[in-house]
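Asks: Position in the sequence shown (from 1) plus 560 gives the number in our numbering. Glycine included, every Cβ here is placed at the ideal spot set by N, Cα and C. Sharing a structure below in structure tokens format, with a few things to ask.
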Amino acid sequence: MKREGFNSKAGAIAAAAGSAVGLGNIWRFPYVTGENGGAAFLLLYVLFMILIALPVLMSEFSIGRMTGKPVTDAFKTLSPKGYWYGIGFSGVVCAFVIMSFYNVVAGWTMYYVYLSLTGKLQGLNPEEVSQTFEHTMSDPLISIFWMIIMLSLTGYVVAHGVSKGIERYSKILMPILLFLIIVVCVRSISLDTENKGIYFLLAPDFSKLSIKSVLEALGQAFFSLSLGMGTMTTYGSYISKKQNLPKSAMSVAMIDFFIAFLAGLMIFPCAFACGVNPGSGPGLVFETLPNVFNQMPMGYLISIVFFLLLVVAAVTSSISMLEVLVDFLLSRYNMKRPRATVLAVSLTIILGIGCATFSPMLDFFDNLSANVLLPLGGFFIILFVPLCIGAKKMREEMEAHGGKFKLFPVFYFLAKWVAPWAILFIFISKMLSWMGIELFA
Ligand code: TRP
């Protein structure tokens, strides 16, 4: 069966960036950074992006493109005897877990489009804005309804195929989102007359870091770049051989970081100006942003468009997870694309109803995926590179476009000696602290 590919270079980068940029940047990054004390956490995050996440991203791209196959088959092709294909299966499980809670949050975003449109967010004071979010979260019917709409939209795009669907949407809309984020940033910073938000994000206080923060910084890097479960492997299989793979990976990582950073600049100043605690958890974006919109010219309009584009960013990410599932069903069970999509969406809705009704389940899935499943997946993926592919083949793939990848020795060193062991170390600490918490709580 012929596999579809991306039509253009910009299209492939836009689609991978579309997967990376999503609620992970605008919803998850600020709330996790807020909970972990701000600037020092940001620094750790940058460090992990460069030393661990970027090499994993390059590896995922290479493995996908090398084989041209979806994730489960990719590992089996490169290493027929081992159990490495298990990476693909764990990715499929992981995609279900993430999709189920991700689409609940995306559903809230969509509900906020509706609230903005109907003017229900206008003129509220910060306390009322917080109450609105609490109401949203605690009413399962709202969450379930909007989650189902979100998942149907995602399913619609995926059912229409890779290049026609994904590429077309992400290329146009992401730049508009970026522009709006910058506009909102400016207003938010101007509200925070004492610059507390900027200090929070930029002046590190290392006493606020704990082992928990180290783990969460790593988890956030994986989550934000869509790593550790085969999303980027699958996207890699769609990238053309003519494209400069290491450079594409770097562009995607840079875009992803930049947007998360801007999201921080947008949220924290407003949080301080409006008296919202930056460590208040998963509701942070929803409890801060409406306050900025309420205090800026054309706030009504901007709030509608902003939440709408956030929905789009969430859809492009959600698509990339659904794509992993659908690709798996297509190649393994020889299903037709529409039928595979309906099946995957229906299963996700069932899990999602759990997350929508029972918020501890949402938190648990969020934590489980970012802090356990993805780093573990990333560990095996990066370990696969020196063990089963080797430097020669890896280099050939990364230079297949005909250019040189000068930093290859650095990449390979990180892939062999730094990234896997750092992940393992952090991961084991995570397990221990987790067990500790369970034992002594
Ligand atoms: N990276 C996306 C975001 O930041 C979410 C996402 C898409 C994802 N695909 C993934 C996370 C695969 C982990 C794994 O919103």
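Would you check if the distance between the CB atom of Val743 and the CB atom of Ile864 is smaller than 8 angstroms?
Replies: It is not a contact, given that the beta carbons lie outside the stated cut-off.
Asks: Find out if the Cβ-Cβ distance for the pair Leu583, Tyr662 is shorter than 8 angstroms.
Replies: Against a cut-off of 8 angstroms, the Cβ pair of Tyr662 and Leu583 comes out as a contact.
Asks: Can you give me the Cβ contacts of Ile623 inside the same chain, cut-off strictly under 6 angstroms, excluding the 5 residues immediately before and after it?
Replies: These residues qualify, in order along the chain: Ala634, Thr793.
Asks: Compute the distance between the beta-carbons of Ala763 and Ala580, then report whether it is under 8 angstroms.
Replies: Contact flag unset, no.
Asks: Would you tell me roughly how many angstroms separate the C-alpha atoms of Gly963 and Lys802, rounded to the nearest one?
Replies: One C-alpha to the other measures close to 10 angstroms.
Asks: Ignoring anything shorter than 4 residues or poking outside the region 911-988, list the alpha helix (DSSP H) runs there in chain order.
Replies: If we require 4 residues or more, the alpha helix (DSSP H) runs fully inside the region 911-988 come out as 919-927, 934-944, 951-958, 968-973.
Asks: Between the C-alpha atoms of Phe1000 and Lys772, what's the straight-line distance to the nearest angstrom?
Replies: For Phe1000, the predicted structure reports a pLDDT of 27, less than 50, and the residue's modelled location is therefore unreliable. A value from the coordinates is still provided. Cα-Cα distance, rounded: 16 angstroms.
Asks: As a quick exercise: from Ala613, Leu603, Ala575, Ile942, pick the residue whose alpha carbon is nearest that of Ala930.
Replies: Minimum Cα distance to Ala930 is reached at Ala613.
Asks: What number of angstroms, rounded off, separates the C-alpha of Gln691 from the C-alpha of Thr848?
Replies: Whole-angstrom Cα-Cα distance: 12 angstroms.
Asks: Buried or exposed: Thr791, going by 16 or more other Cβ atoms within 10 Å of its Cβ?
Replies: Thr791 comes out buried.
Asks: Check whether the Cβ of Thr908 lies closer than 7 angstroms to any heavy atom of the ligand TRP, and answer yes or no.
Replies: Flag unset: Cβ of Thr908 not near the ligand TRP.
Asks: Just verifying my parser: in three-state terms, what is the DSSP assignment at Ile736?
Replies: Three-state result, Ile736: helix.
Asks: Excluding the 5 residues preceding and the 5 following Ser989 in the sequence, name in chain order all residues of the same chain whose CB lies nearer than 6 angstroms to its CB.
Replies: The residues are Ile771.
Asks: Quick one: residues with CB closer than 6 angstroms to any heavy atom of the ligand MN, in chain order, please.
Replies: This structure does not include the ligand MN; its bound ligands are the ligand TRP.
Asks: Quick check: what's the CA-CA separation for Pro615 versus Lys680?
Replies: For Pro615 and Lys680, the distance between alpha carbons rounds to 45 angstroms.
Asks: May I ask you to verify whether the region 885-893 touches the region 951-970, counting CB pairs closer than 8 angstroms and requiring at least 3?
Replies: The answer is no - the region 951-970 does not touch the region 885-893, with fewer than three Cβ pairs under 8 angstroms.
Asks: Quick one, which of Ile909, Ala960, Ile986 has its alpha-carbon nearest Met707's?
Replies: The shortest C-alpha separation from Met707 is found at Ile909.
Asks: Hey, would you say Ala577 sits closer than 8 angstroms to Met789, going by beta carbons?
Replies: Result no, Cβ atoms of Ala577 and Met789 do not sit closer than 8 angstroms.
Asks: Buried or exposed: Ser650, going by 16 or more other Cβ atoms within 10 Å of its Cβ?
Replies: By the neighbour-count rule (16 or more Cβ atoms within 10 Å), Ser650 is buried.
Asks: Apply the 10 Å Cβ neighbour rule to Leu992 and answer buried if 16 or more other Cβ atoms are within range, or exposed otherwise.
Replies: Exposed: under 16 other Cβ atoms inside 10 Å.
Asks: Can you find the residues in the same chain that come closer than 7 angstroms, C-beta to C-beta, to Asn851, ignoring five residues on each side of it along the sequence?
Replies: The answer, listed in chain order, is Pro686, Val689, Cys830, Cys834.
Asks: Based on Cα-Cα distance, which residue from Lys896, Asn927, Trp981, Phe867 lies nearest to Trp668?
Replies: If we check each option's Cα against that of Trp668, Phe867 comes out closest.
Asks: Residues in its own chain within less than 6 angstroms of Pro700 by CB, not counting five upstream and five downstream?
Replies: Excluding positions up to five away in sequence, the list reads Ala916, Thr917.
Asks: Determine the closest residue to Gly796 out of Tyr716, Val905, Met958, Ile749, with distance taken between C-alpha atoms.
Replies: Among Tyr716, Val905, Met958, Ile749, the Cα nearest to that of Gly796 belongs to Met958.
Asks: Classify Met881 as helix, strand or coil using the three-state DSSP reduction.
Replies: Here Met881 sits in helix by DSSP.
Asks: Does DSSP put Pro764 in a helix, in a strand, or in coil?
Replies: Correct three-state label for Pro764: coil.
Asks: Give me the Cβ distance between Ile862 and Leu740, rounded to the nearest whole Å; I'm assuming they're in contact under 8 angstroms.
Replies: Right, their Cβ atoms sit about 7 angstroms apart.
Asks: Can you tell me where the alpha helix (DSSP H) with Gln780 in it begins and where it stops?
Replies: Looking at the DSSP string, the run of the alpha helix (DSSP H) that includes Gln780 is 771-784.
Asks: CA-CA distance, Met697 and Phe608?
Replies: Distance between the alpha carbons of Met697 and Phe608: 32 angstroms.
Asks: State the DSSP-derived secondary structure class of His720, mapped to helix, strand or coil.
Replies: Correct three-state label for His720: coil.
Asks: Give the secondary structure of Lys562 by DSSP, where H, G and I count as helix, E and B as strand, and everything else as coil.
Replies: At Lys562 the pLDDT is 44, less than 50, meaning the model places this residue with poor confidence; the figure from the coordinates comes in the next sentence. In this structure, Lys562 counts as coil in the three-state DSSP scheme.
Asks: By Cβ distance below 6 angstroms, which residues in the same chain neighbour Phe940 in space, the five residues on each side in sequence not counted?
Replies: For Phe940, where only same-chain residues beyond five positions count, the Cβ hits under 6 angstroms are Ile647.
Asks: How many Å lie between Pro935 and Phe925 at the Cα?
Replies: Computed Cα separation, rounded: 14 angstroms.
Asks: Helix or strand or just coil, what does DSSP make of Gln855?
Replies: Reduced to three states, the DSSP call for Gln855 is coil.
Asks: How long is the line joining the alpha carbons of Phe601 and Arg899, rounded to whole angstroms?
Replies: Between Phe601 and Arg899, the C-alpha separation is close to 43 angstroms.
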